[in-house]
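One structure is given here, and the rest of the page talks about it.
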Ligand SMILES: [Zn+2]
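Numbering (this note's numbering), first residue to last: 2 to 296.
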């Protein structure tokens, strides 16, 4: 009985399909269940990590206030290094998600840094409170080295280990391990002059640092005295800094010099261009000539 009905249904269907052509046959293809992703059969070779940059910050705040701001506010970071006597580092945002730490700015051709970076906040007061007013009053353009607050030894050790691990996992180019000031020099000065970039380079092999030999070589050249402002600005651009193309050292351009000095000449950050700063910049460009991939 069941067999007869099936046979009848089939023959009716056959006749119907003869009458109406293709339209009826397509309606007979079984609708597949939900699609499946096959990630084993084929693989592309053109690919790279999404995370390209590590950005270091200081919080200008104590442990409790930093935690509150970074966990409940509109700013965040992937990692927080408190000023505490233990071996913990707090992971506040998963590495696969965006943390809101970089804001406007750019470095090495990338602008929306929150999309492609890991942010690390370190609890540190930044500028000592007694000096903060000097800048606000306009008595001072830039804070000297002495105005910044030291980092705790344990914090540096934690940051060194963490950045070493991240740089390795994401294969981050040395010059893309930067401070907030490097990507936003007109707005930010963190992690400041007392953040020991050179030590991290020596002790943990992370970040960029110039070779002394190259610096001496460029110091002895006459290039600096002959260099025009556009040429010097181009050297900043070659390294990765965003700098305007005006033909003068206006405030925005001096902010870039200051950010660079905080990083690479931290004991004398002045915001003024000088031979040593230029020699360091040329030495860095000489050592890190490689360009990123932008595909
Ligand atoms: Zn910052």
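Just so you know, even glycine gets a beta-carbon here, dropped at the ideal spot from N, CA and C. This one's a predicted model, so the numbers in the text were calculated from it and none came from an experiment.
| Using 8 Å as the Cβ pair cut-off and three pairs as the minimum, do the segment 113 to 133 and the segment 49 to 69 touch? | Using a C-beta cut-off of 8 Å, the segment 113 to 133 makes contact with the segment 49 to 69, since at least three inter-stretch Cβ pairs fall below that distance.
| query | Quick one: Cα of residue 229 to Cα of residue 71, how far? | reply | 43 Å
| Inter-residue spacing [alpha-carbon to alpha-carbon] between residue 62 and residue 164 | 22 Å
| Within the segment 174 to 224, ranges of the alpha helix (DSSP H) (whole runs, at least 4 residues) | 181 to 184, 198 to 205 and 213 to 220
| field | Continuous beta strand (DSSP E) stretch holding residue 122: start and end | value | 118 to 123
| query | Say the cut is 7 Å; is the CB of residue 144 nearer than that to a heavy atom of ligand 1? | reply | no
| task | Please go through the segment 61 to 127 and give each complete alpha helix (DSSP H) segment of 4 or more residues, from N-terminal end onward. | result | 64 to 73 and 114 to 117
| request: Rounded to whole angstroms, what's the CA-CA distance from residue 51 to residue 117? Just pull it up for me. | output: 6 Å
| query | What residues match up with residue 55 in a beta bridge as DSSP calls it? | reply | 119 and 178
| query | Taking C-beta to C-beta, are residue 242 and residue 261 nearer than 8 Å? | reply | A contact, by the Cβ cut-off of 8 Å.
| alpha helix (DSSP H) containing residue 150: first to last residue? | Premise fails: residue 150 is in no alpha helix (DSSP H) and is neither H nor E.
| said: Are the CB atoms of residue 104 and residue 194 within a distance shorter than 8 Å? | reply: no
| Three CB pairs or more closer than 8 Å across the segment 124 to 136 and the segment 165 to 178 | no
| request: Could you tell me the distance, in whole angstroms, from the CA atom of residue 198 to the CA atom of residue 94? | output: 25 Å
| task | Could you tell me the distance, in whole angstroms, from the CA atom of residue 219 to the CA atom of residue 266? | result | 15 Å
| Simplified DSSP assignment, three categories, for residue 168 | helix
| query | Going by C-alpha distance, which of 268, 226 and 179 is nearest residue 148? | reply | Looking only at 268, 226 and 179, the smallest Cα-Cα distance to residue 148 is reached by 268.
| task | Return the chain-ordered list of same chain residues with a C-beta closer than 8 Å to the C-beta of residue 207, the five sequence neighbours on each side being excluded. | result | Excluding positions up to five away in sequence, the list reads 161, 164, 165, 168, 175, 178 and 201.
| message | Quick check: residue 143 and residue 259, are their CB atoms within less than 8 Å of each other? | response | In this structure, residue 259 lies closer than 8 Å to residue 143 by Cβ.
| query | To the nearest angstrom, how far is it from the Cα of residue 257 to the Cα of residue 66? | reply | 29 Å
| request: Report all residues for which the CB-ligand distance to some heavy atom of ligand 1 is below 6 Å; order them along the chain. | output: 58, 181, 189 and 191
| Beta-carbon separation (whole angstroms), residue 191 vs residue 127, contact threshold 8 Å | 6 Å
| query | Thinking C-alpha only, which one of 75, 100 and 156 is nearest residue 87? | reply | 156
| query | Hey, residue 284 and residue 211: beta-carbon distance below 8 Å or not? | reply | yes
| said: Going by DSSP in three states, residue 46 sits in which element: helix, strand or coil? | reply: coil
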